[in-house]
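Residue numbers (the numbering used here): 1060 to 1217.
Even for Gly, the Cβ is constructed at its ideal location relative to N, Cα and C.
Encoded as C-alpha coordinates, the structure appears first; notes follow it.
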(Lines of atoms letter the chains of each structure in order from A and count residues from 1; the text may use other names and numbers.)
(Lines give C-alpha, C1' and ligand atoms only; values in the text may rest on other atoms or scores of the structure.)
Protein backbone atom coordinates (compact mmCIF):
# COMPACT_ATOMS: atom_id res chain seq x y z
CA UNK A 1 0.00 0.00 0.00
CA UNK A 2 1.20 3.49 -0.84
CA UNK A 3 1.10 5.97 2.05
CA UNK A 4 1.63 9.12 -0.01
CA UNK A 5 -0.04 9.42 -3.38
CA UNK A 6 1.72 11.75 -5.78
CA UNK A 7 0.48 13.32 -9.01
CA UNK A 8 2.63 10.74 -10.83
CA UNK A 9 0.65 7.91 -9.21
CA UNK A 10 -2.61 9.53 -10.32
CA UNK A 11 -1.26 10.01 -13.85
CA UNK A 12 -0.14 6.39 -14.04
CA UNK A 13 -3.55 5.16 -12.88
CA UNK A 14 -5.34 7.39 -15.37
CA UNK A 15 -3.01 6.27 -18.20
CA UNK A 16 -3.74 2.58 -17.49
CA UNK A 17 -7.44 2.86 -16.74
CA UNK A 18 -8.51 5.41 -19.32
CA UNK A 19 -12.23 5.61 -18.76
CA UNK A 20 -15.15 7.96 -18.33
CA UNK A 21 -14.38 10.82 -15.99
CA UNK A 22 -17.98 11.88 -15.42
CA UNK A 23 -18.91 8.84 -13.29
CA UNK A 24 -17.42 5.90 -11.43
CA UNK A 25 -18.73 2.98 -9.40
CA UNK A 26 -18.15 2.47 -5.71
CA UNK A 27 -17.82 -0.85 -3.86
CA UNK A 28 -20.58 -1.38 -1.33
CA UNK A 29 -21.03 -4.03 1.36
CA UNK A 30 -24.00 -5.24 3.35
CA UNK A 31 -24.67 -8.49 5.19
CA UNK A 32 -21.41 -10.05 3.99
CA UNK A 33 -22.13 -9.35 0.31
CA UNK A 34 -20.42 -6.80 -1.87
CA UNK A 35 -21.27 -5.13 -5.17
CA UNK A 36 -20.47 -2.03 -7.22
CA UNK A 37 -22.92 0.74 -7.99
CA UNK A 38 -22.64 4.24 -9.44
CA UNK A 39 -21.45 6.94 -7.04
CA UNK A 40 -24.04 9.69 -6.75
CA UNK A 41 -24.50 12.97 -4.91
CA UNK A 42 -27.99 13.57 -3.52
CA UNK A 43 -29.94 14.91 -0.56
CA UNK A 44 -30.11 11.99 1.88
CA UNK A 45 -33.38 13.04 3.52
CA UNK A 46 -35.05 13.46 0.14
CA UNK A 47 -33.82 10.03 -0.96
CA UNK A 48 -35.01 8.34 2.27
CA UNK A 49 -38.47 9.82 1.71
CA UNK A 50 -38.38 8.42 -1.84
CA UNK A 51 -37.22 5.04 -0.54
CA UNK A 52 -40.18 4.78 1.90
CA UNK A 53 -42.37 4.09 -1.15
CA UNK A 54 -40.16 1.05 -1.98
CA UNK A 55 -38.48 3.01 -4.72
CA UNK A 56 -34.77 2.71 -5.43
CA UNK A 57 -31.88 4.95 -6.38
CA UNK A 58 -32.49 3.94 -10.01
CA UNK A 59 -35.90 5.67 -9.91
CA UNK A 60 -34.68 8.65 -7.84
CA UNK A 61 -34.40 11.63 -10.20
CA UNK A 62 -32.66 14.12 -7.92
CA UNK A 63 -29.21 12.56 -8.06
CA UNK A 64 -26.03 13.63 -9.78
CA UNK A 65 -23.21 11.30 -10.83
CA UNK A 66 -19.96 11.92 -8.97
CA UNK A 67 -17.02 12.52 -11.31
CA UNK A 68 -13.85 10.46 -11.17
CA UNK A 69 -11.52 12.99 -9.57
CA UNK A 70 -7.87 12.77 -8.58
CA UNK A 71 -9.03 12.68 -4.94
CA UNK A 72 -11.23 9.62 -5.60
CA UNK A 73 -8.32 7.87 -7.34
CA UNK A 74 -6.03 8.79 -4.44
CA UNK A 75 -8.48 7.27 -1.95
CA UNK A 76 -8.65 4.12 -4.07
CA UNK A 77 -4.86 3.80 -4.32
CA UNK A 78 -4.63 4.07 -0.52
CA UNK A 79 -7.33 1.36 -0.06
CA UNK A 80 -9.60 3.86 1.67
CA UNK A 81 -12.27 3.36 -0.97
CA UNK A 82 -12.63 0.72 -3.67
CA UNK A 83 -13.87 1.93 -7.02
CA UNK A 84 -14.47 0.65 -10.52
CA UNK A 85 -14.27 2.81 -13.61
CA UNK A 86 -16.59 2.76 -16.61
CA UNK A 87 -14.34 1.93 -19.58
CA UNK A 88 -16.96 2.32 -22.31
CA UNK A 89 -16.59 5.81 -23.77
CA UNK A 90 -19.31 7.87 -25.45
CA UNK A 91 -18.18 6.76 -28.92
CA UNK A 92 -18.50 3.06 -27.90
CA UNK A 93 -14.77 2.55 -27.71
CA UNK A 94 -12.55 1.69 -24.77
CA UNK A 95 -8.89 1.56 -23.80
CA UNK A 96 -9.21 -1.82 -22.10
CA UNK A 97 -11.50 -4.81 -21.70
CA UNK A 98 -11.93 -7.16 -18.77
CA UNK A 99 -13.05 -10.80 -18.65
CA UNK A 100 -14.56 -11.77 -15.30
CA UNK A 101 -14.20 -15.28 -13.86
CA UNK A 102 -16.08 -16.13 -10.68
CA UNK A 103 -16.98 -19.82 -10.81
CA UNK A 104 -15.21 -22.71 -9.06
CA UNK A 105 -12.55 -22.92 -11.79
CA UNK A 106 -11.84 -19.20 -11.95
CA UNK A 107 -8.05 -19.49 -11.57
CA UNK A 108 -7.55 -22.13 -14.23
CA UNK A 109 -10.04 -20.41 -16.55
CA UNK A 110 -8.19 -17.09 -16.21
CA UNK A 111 -4.83 -18.76 -16.93
CA UNK A 112 -6.41 -20.60 -19.89
CA UNK A 113 -7.65 -17.32 -21.40
CA UNK A 114 -4.32 -15.63 -20.81
CA UNK A 115 -2.55 -18.54 -22.54
CA UNK A 116 -4.77 -18.18 -25.62
CA UNK A 117 -4.25 -14.41 -25.69
CA UNK A 118 -0.48 -14.90 -25.40
CA UNK A 119 -0.54 -17.33 -28.34
CA UNK A 120 -2.26 -14.55 -30.31
CA UNK A 121 0.42 -12.06 -29.23
CA UNK A 122 -2.11 -10.11 -27.15
CA UNK A 123 -0.63 -9.09 -23.78
CA UNK A 124 -2.98 -9.59 -20.85
CA UNK A 125 -2.90 -9.33 -17.10
CA UNK A 126 -4.57 -11.44 -14.41
CA UNK A 127 -5.90 -9.95 -11.19
CA UNK A 128 -7.09 -12.15 -8.31
CA UNK A 129 -9.64 -10.57 -5.98
CA UNK A 130 -8.79 -9.67 -2.41
CA UNK A 131 -11.18 -12.42 -1.30
CA UNK A 132 -9.39 -14.91 -3.54
CA UNK A 133 -12.70 -16.04 -5.03
CA UNK A 134 -12.63 -14.50 -8.53
CA UNK A 135 -10.26 -13.25 -11.19
CA UNK A 136 -10.14 -10.67 -13.95
CA UNK A 137 -8.16 -10.91 -17.17
CA UNK A 138 -7.45 -7.47 -18.60
CA UNK A 139 -6.33 -6.45 -22.08
CA UNK A 140 -5.18 -2.86 -22.59
CA UNK A 141 -5.15 -1.04 -25.95
CA UNK A 142 -2.71 1.67 -27.04
CA UNK A 143 -5.60 3.80 -28.29
CA UNK A 144 -9.37 3.83 -27.95
CA UNK A 145 -10.51 0.64 -29.66
CA UNK A 146 -14.09 -0.05 -30.85
CA UNK A 147 -15.88 -2.00 -28.13
CA UNK A 148 -17.52 -4.40 -30.56
CA UNK A 149 -14.06 -5.43 -31.78
CA UNK A 150 -12.60 -5.86 -28.30
CA UNK A 151 -15.61 -7.97 -27.27
CA UNK A 152 -15.16 -10.08 -30.41
CA UNK A 153 -11.53 -10.73 -29.49
CA UNK A 154 -12.47 -11.94 -26.01
CA UNK A 155 -15.47 -13.95 -27.15
CA UNK A 156 -13.47 -15.63 -29.92
CA UNK A 157 -10.89 -16.67 -27.32
CA UNK A 158 -13.51 -18.08 -24.99
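Check                                                                                                                                                 : Outcome
Should the region 1161-1178 be regarded as contacting the region 1112-1122, the criterion being three or more beta carbon pairs within less than 8 Å? : no
Ignoring anything shorter than 3 residues or poking outside the region 1158-1209, list the beta strand (DSSP E) runs there in chain order.            : 1184-1187 and 1194-1205
Residue 1071 and residue 1155: beta carbons closer than 9 Å?                                                                                          : no
Would you report the Cα separation of residue 1214 and residue 1178, rounded to the nearest angstrom?                                                 : 15 Å
Please name the residue in 1125, 1103, 1138 and 1136 whose C-alpha comes closest to that of residue 1145.                                             : 1125
Could you give the C-beta distance for residue 1158 and residue 1172, rounded to a whole number, given that I count them as a contact under 8 Å?      : 6 Å
Which one of 1130, 1092, 1122 and 1142 has the shortest CA to CA distance from residue 1084?                                                          : 1142
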